[in-house]
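Scroll down for the structure; my scribbles are underneath it.
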Amino acid sequence: MERRWLDEREHRAWRSYLCLRRRLGARLNHHLWADSGMSEADYEILAVLSEHPEGRMSALALRCRLLWEKSRLSHQVRRMEERGLVAREANPADARSAVVRLTPEGRTAIEGAAPHRAERVREHFIDLLTPEELDTLTRIGERVAARLDALEGPGAPAA
């Protein structure tokens, strides 16, 4: 099979994406910490749990939603549990797994951080784009995600 190198236009687009991902992520993470004392990993878990009934999910469902490896989730949940943001409980549906639950402290933390996070995302990303650019970006993301789902299955943890 012949190698298909990136041409100048493709390389520029790819490098632009990589730079955007790194720089925007770093900027948003810096603000998240400054605004709330929360890490990106803390925020991701609390945000997902806060969107679910009673603020709880099985560890497996949470891991799949976040696309994290089992060990990463386990370590992060342990650290958050030590700080009182989440609690682990036995899973009544499956004795081999746990349920991760948002604590009142965790709910307070995410409710305090979310408005700042939304404002920072708006400031550094959303407000810089036109509605048409947002629609295009959404289509691109959905197309790439569909391709990855076809190759790996939906919700497959990152390799």
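Under the numbering used here, the first residue of the sequence shown is numbered 19, with each subsequent residue one higher.
Yeah, the Cβ is synthetic: ideal placement off N, Cα and C, and Gly gets one too.
Note that the coordinates shown come from a computational prediction; the quantities given were computed from them, not determined experimentally.
### Under the three-state DSSP convention, the category MET75 falls into
strand
### For GLU107: DSSP bridge partner residues
VAL117
### Query
From ARG41 to SER34, what distance separates their C-alpha atoms?
10 Å
### Query
Roughly how many whole angstroms lie between the Cα atoms of ILE128 and PRO122?
10 Å
### Task
Compare the C-alpha of VAL117 against each of LEU67, MET19, LEU46 and GLU58 and name the closest.
LEU67
#### Entry: Inter-residue Cα distance where the pair is ARG22 and LEU146
Answer to the nearest angstrom: the Cα atoms are 33 Å apart.
#### Entry: Sufficient close CB pairs (3 or more, under 8 Å) joining the stretch 39-55 to the stretch 101-108
In short, these stretches do not touch, since the Cβ pair count stays below three.
### Task
Would you please verify whether the beta carbon of GLU62 is less than 9 Å from any beta carbon of chain D?
Included in the structure is just one protein chain, with no chain D present.
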